[in-house]
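Asker: Everything in the sequence shown is counted per numbering that gives the first Met the number 0, starting at 0 for the first residue and increasing by one. Just so it is clear, CB atoms sit at the ideal spot from N, CA and C, and this is done for glycine as well. Values in this document were obtained by computation on a predicted structure and should not be read as measured data. Before I ask anything, here is the structure I am working with.
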Amino acid sequence: MTTRAIIKPRLVRRANTFEGIGHMTLAHIESRPSDSRQGEFDFFVQCETKNGSCRKVVSNLGRVVESVMVQKEELTKKDMWFPKHISDLDKCTHLMSNYEPDLDDEHPGSKDVEYVRRRKNIAGLAFKYKYGETLPSVEYTDEETRTWTHVFRNLKRLFPTHACQQFIDAFAQLEKAGIYREDQIPQLEEVSQFLKAKSGFQLRPVAGLLSARDFLASLAFRVFQATQYVRHRSVPMHTPEPDTLHELLGHVPMLADPSFAQFSQEIGLASLGVSDEDITKLSTLYWFTVEFGLCMQDGEVRACGAGLLSAYGELQYALSDKPEIREFDPTKVAVQEYQDKNYQPIYFVAESFEDAKQKLRSYALQMPRPCNVRYDPYTQSVQALEKVNDVRDAVLDLKCQLDTVTSALNKITIRA
Numbered sequence: 000m001t002t003r004a005i006i007k008p009r010l011v012r013r014a015n016t017f018e019g020i021g022h023m024t025l026a027h028i029e030s031r032p033s034d035s036r037q038g039e040f041d042f043f044v045q046c047e048t049k050n051g052s053c054r055k056v057v058s059n060l061g062r063v064v065e066s067v068m069v070q071k072e073e074l075t076k077k078d079m080w081f082p083k084h085i086s087d088l089d090k091c092t093h094l095m096s097n098y099e100p101d102l103d104d105e106h107p108g109s110k111d112v113e114y115v116r117r118r119k120n121i122a123g124l125a126f127k128y129k130y131g132e133t134l135p136s137v138e139y140t141d142e143e144t145r146t147w148t149h150v151f152r153n154l155k156r157l158f159p160t161h162a163c164q165q166f167i168d169a170f171a172q173l174e175k176a177g178i179y180r181e182d183q184i185p186q187l188e189e190v191s192q193f194l195k196a197k198s199g200f201q202l203r204p205v206a207g208l209l210s211a212r213d214f215l216a217s218l219a220f221r222v223f224q225a226t227q228y229v230r231h232r233s234v235p236m237h238t239p240e241p242d243t244l245h246e247l248l249g250h251v252p253m254l255a256d257p258s259f260a261q262f263s264q265e266i267g268l269a270s271l272g273v274s275d276e277d278i279t280k281l282s283t284l285y286w287f288t289v290e291f292g293l294c295m296q297d298g299e300v301r302a303c304g305a306g307l308l309s310a311y312g313e314l315q316y317a318l319s320d321k322p323e324i325r326e327f328d329p330t331k332v333a334v335q336e337y338q339d340k341n342y343q344p345i346y347f348v349a350e351s352f353e354d355a356k357q358k359l360r361s362y363a364l365q366m367p368r369p370c371n372v373r374y375d376p377y378t379q380s381v382q383a384l385e386k387v388n389d390v391r392d393a394v395l396d397l398k399c400q401l402d403t404v405t406s407a408l409n410k411i412t413i414r415a
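This is the structure:
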């Protein structure tokens, strides 16, 4: 038995110490080899509290661990860290424990020792990855490829009647390029190069389900953090957490569309530096648009959300007369409760991607934040507009672009 297997049940019990303590949130936990005790681990636990008191949790922990050290840190919104350059995404890798097969007894692969081992090995590739490196490749097994083939064939039959046109067009381009085939799971590197050429988005490997703040921050840089493991063979048409079939068959074709890619990036930019409460609202907006969104096309409702486009059953359900369909309104969508284990009882439909983007911009501008930000595609960095000079430089850049567009429009008008 490995050391981790021995520690894990104890770790879960220790983490339960934080439950039930008012105004206390367990934000992050990680293990580190102990400097003072060979073969043992120290645990770094980051908590957030609104009332500033941590006396009770320290007292509770003191009963179950050898020692507790506390370091208080007062954070203001102005001090809140967020990535400024695309390379900073190396720090945005905080995973949620939800749905991990070795932690969640309800996961379909939790009793499959070989599947758990395989997941850990693939996750290790993502943990080792650093910005600038070639995306790691995975040698998929015959069993994993059979799962891909089964899902690929069944979903492809539904796309012409259920998916939006942007998705259908991009999927066809991926097939024409030889990247998407029913008998082979694509590698992230090849798919990422395709996306860069279409919309400027790129992929980055991730070991599992990221925290909402880290995932949304990645979108601000037109980076989509994608898993590489495959769902368990026992439930090929469903996965309780993102897997590579969900990423490749659901997200990638939509991210290839420039307008939808812009919408995704704007959600990411809106997340930088905002409060945890607003992160929750933005992640809910993401859920009901990028994951489970619907849009109008030629008078018909079509799916544009990856969670629908990669789920055979829910794709049919969402476009039936069973769920409730509401108009997309960010102020209402942001506070709507949602299901993460069953079909959604409510979906939201946008008139168009452009309409959704405009509504999102208006909503994001109302969020309190220390400063506004803008993305610089030349340096792949986010600039905080905190000083007059920052705003002036941004205006000059916009003026240059506007002059070019105005000149082009004048020439077109003259020819006409």
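Whole angstroms are fine: how far does the CA of H250 sit from the CA of P185?
Answerer: Position 186 of the sequence shown, counted from the start, is the residue given in the question as residue 185. Position 251 of the sequence shown, counted from the start, is the residue given in the question as residue 250. Each residue's alpha carbon lies about 14 Å from the other.
Asker: Let me check one thing: in DSSP terms, what residues is E29 bridge-paired to?
Answerer: Position 30 of the sequence shown holds residue 29. DSSP output for E29 lists F43 as bridge partner(s).
Asker: Can you give the Cα-Cα distance for G207 and D277, rounded to whole angstroms?
Answerer: Taking the sequence shown and counting its residues from 1, the one referred to as residue 207 is at position 208. Taking the sequence shown and counting its residues from 1, the one referred to as residue 277 is at position 278. Straight-line Cα distance between these residues: approximately 23 Å.
Asker: Do you know offhand how far I411's Cα is from E336's?
Answerer: Translated into the one-based positions of the sequence shown, residue 411 becomes position 412. Translated into the one-based positions of the sequence shown, residue 336 becomes position 337. Between I411 and E336, the C-alpha separation is close to 49 Å.
Asker: Can you grab the Cα-Cα spacing for the pair P241 / T226, in whole Å?
Answerer: Here residue 241 is taken as the residue at index 242 of the sequence shown, counted from 1. Here residue 226 is taken as the residue at index 227 of the sequence shown, counted from 1. Rounded to the nearest angstrom, the two C-alpha atoms are 7 Å apart.
Asker: Can you tell me the Cβ-Cβ gap for K127 and D89, rounded? I've got them flagged as a contact below 8 Å.
Answerer: In the sequence shown, residue 127 corresponds to position 128, counting from 1. In the sequence shown, residue 89 corresponds to position 90, counting from 1. Contact doesn't hold; Cβ gap of about 11 Å is too wide.
Asker: List, from N- to C-terminal side, the alpha helix (DSSP H) runs of 4 residues or more that fit wholly inside the region 268-323.
Answerer: For the region 268-323, whole alpha helix (DSSP H) runs of length 4 or above, ordered along the chain, are 275-285, 305-308 and 311-317.
Asker: Could you say which of H84, L244, E313 and A162 lies nearest to Y139 if we only look at CA atoms?
Answerer: Walking along the sequence shown from the start, residue 139 turns up at place 140. Among H84, L244, E313 and A162, the Cα nearest to that of Y139 belongs to L244.
Asker: With 16 other CB atoms within 10 Å as the buried threshold, where does K280 fall?
Answerer: Translated into positions along the sequence shown, residue 280 becomes position 281. Buried is the call here.
Asker: On a CA-only basis, which of P322, Q296, G292 and M95 is nearest L308? Give me that one, please.
Answerer: Along the sequence shown, read from residue 1 onward, the residue named residue 308 stands at position 309. For L308, the nearest C-alpha among the options comes from G292.
Asker: Considering Cα atoms alone, identify which of V404, N371 and L408 is closest to A393.
Answerer: Residue numbering aside, residue 393 sits at position 394 when the sequence shown is read from its first letter. That would be N371, whose Cα lies nearest to the Cα of A393.
Asker: Going by beta carbon distance, what residues of the same chain come within less than 6 Å of E143, once the five residues before and after it are set aside?
Answerer: Position 144 of the sequence shown, counted from the start, is the residue given in the question as residue 143. Hits under 6 Å: V229.
Asker: Where does A407 land, buried or exposed, given buried means 16+ other C-beta within 10 angstroms?
Answerer: Locating residue 407 in the sequence shown gives position 408, counting from the first residue. That one is exposed.
Asker: From A211 to R414, what distance separates their C-alpha atoms?
Answerer: In the sequence shown, the residue the question calls residue 211 occupies position 212. In the sequence shown, the residue the question calls residue 414 occupies position 415. If I take the Cα positions, the gap works out to 50 Å.
Asker: Given this structure, state the Cα-to-Cα distance separating P135 from H149, to the nearest angstrom.
Answerer: Residue mapping note: residue 135 aligns to position 136 of the sequence shown, counting from 1. Residue mapping note: residue 149 aligns to position 150 of the sequence shown, counting from 1. If I take the Cα positions, the gap works out to 25 Å.
Asker: Run the CB neighbour count on G298, radius 10 Å, all protein chains shown included, and call it buried at 16 or more, exposed below.
Answerer: As a working note, residue 298 is residue 299 in the sequence shown. With fewer than 16 other Cβ atoms within 10 Å, it is exposed.
Asker: What residues match up with P204 in a beta bridge as DSSP calls it?
Answerer: Sequence index remark: in the sequence shown, residue 204 carries index 205 (1-based). A225, per the DSSP bridge assignment.
Asker: Taking buried to mean at least 16 other C-beta atoms within 10 Å of its own C-beta, is W80 buried or exposed?
Answerer: Numbered from 1 along the sequence shown, position 81 holds the residue referred to as residue 80. Flag for W80 reads exposed.
Asker: Expressed to the nearest angstrom, what Euclidean distance is found between the alpha-carbon atoms of F287 and F347?
Answerer: For this step, residue 287 is matched to residue 288 along the sequence shown. For this step, residue 347 is matched to residue 348 along the sequence shown. Going by the C-alpha atoms only, they are around 7 Å apart.
Asker: Around the C-beta of C294, are 16 or more other C-beta atoms found within 10 angstroms, so that it is buried, or is it exposed?
Answerer: To locate residue 294, count along the sequence shown from 1; it is residue 295. Buried, because 16 or more other Cβ atoms sit within 10 Å of the Cβ of C294.
Asker: Does DSSP put E326 in a helix, a strand or coil?
Answerer: What you label residue 326 is simply residue 327 of the sequence shown in a count that begins at 1. Of the three classes helix, strand and coil, the one that applies to E326 here is strand, per DSSP.
Asker: Between the alpha carbons of P257 and S86, how many angstroms are there, rounded?
Answerer: Start at 1 with the first residue of the sequence shown, and residue 257 comes out as number 258. Start at 1 with the first residue of the sequence shown, and residue 86 comes out as number 87. Taking the straight line from one Cα to the other gives about 23 Å.
Asker: What first and last residue would you give for the alpha helix (DSSP H) that runs through Q382?
Answerer: Against the sequence shown, residue 382 aligns to sequence position 383. Where Q382 is concerned, there is no enclosing alpha helix (DSSP H), although the beta strand (DSSP E) it sits in stretches over S380 to L384.
Asker: If A349 and F327 are in contact, beta carbons under 8 Å, what's the gap, nearest whole angstrom?
Answerer: Here residue 349 refers to the residue found at position 350 of the sequence shown. Here residue 327 refers to the residue found at position 328 of the sequence shown. At roughly 4 Å, the Cβ-Cβ gap stays under 8 Å, so A349 and F327 are in contact.
Asker: On a CA-only basis, which of D141, F214, M95 and Q164 is nearest F352? Give me that one, please.
Answerer: Position 353 of the sequence shown, counted from the start, is the residue given in the question as residue 352. Per the Cα distances, Q164.
Asker: Out of curiosity, what's the CA-to-CA distance linking V451 and V390?
Answerer: Within the shown structure, residues of the chain are numbered from 0 to 415, placing residue 451 beyond reach of any answer.
Asker: If G199 sits next to P376, beta carbons under 8 Å apart, how far is it from one beta carbon to the other, in whole angstroms?
Answerer: Within the sequence shown, numbered from 1, the residue matching residue 199 stands at position 200. Within the sequence shown, numbered from 1, the residue matching residue 376 stands at position 377. Confirmed, about 7 Å.
Asker: Per DSSP, what are the beta-bridge partners of H161 in this structure?
Answerer: Walking along the sequence shown from the start, residue 161 turns up at place 162. In DSSP, H161 forms no bridge with anything.
Asker: Hey, out of S217, G312 and S233, whose CA is closest to E265's CA?
Answerer: Along the sequence shown, one-based indexing puts residue 265 at 266. Selected option, being the one with the closest Cα: S217.
Asker: Who are the Cβ neighbours of G21 in its own chain at under 6 Å, not counting the five residues just before and after it?
Answerer: In the sequence shown, the residue the question calls residue 21 occupies position 22. Bear in mind that a pLDDT of 48 at G21, under 50, signals an unreliable position, so the number given afterwards is only what the model happens to contain. Within the same chain, G21 has no close Cβ partners at all.
Asker: Indicate the three-state DSSP secondary structure (helix, strand or coil) for Y346 in the structure shown.
Answerer: If you number the sequence shown from 1, residue 346 lands on position 347. Strand, per DSSP.
Asker: What separation, rounded to the nearest whole angstrom, lies between the Cα atoms of P369 and S361?
Answerer: As a position in the sequence shown, residue 369 is number 370, starting the count at 1. As a position in the sequence shown, residue 361 is number 362, starting the count at 1. Answer to the nearest angstrom: the Cα atoms are 17 Å apart.
Asker: Return the CA-CA distance between L359 and P367, expressed in angstroms with no decimal places.
Answerer: Stepping through the sequence shown from its first residue, residue 359 is reached at position 360. Stepping through the sequence shown from its first residue, residue 367 is reached at position 368. One C-alpha to the other measures close to 15 Å.
Asker: Please say whether D213 and H93 have beta carbons closer to each other than 8 Å?
Answerer: Taking the sequence shown and counting its residues from 1, one reaches residue 93 at position 94. Taking the sequence shown and counting its residues from 1, one reaches residue 213 at position 214. Yes, they are a contact pair.
Asker: How would you call R152, buried or exposed, if buried means at least 16 neighbouring beta carbons within 10 angstroms?
Answerer: Here residue 152 is taken as the residue at index 153 of the sequence shown, counted from 1. Exposed.
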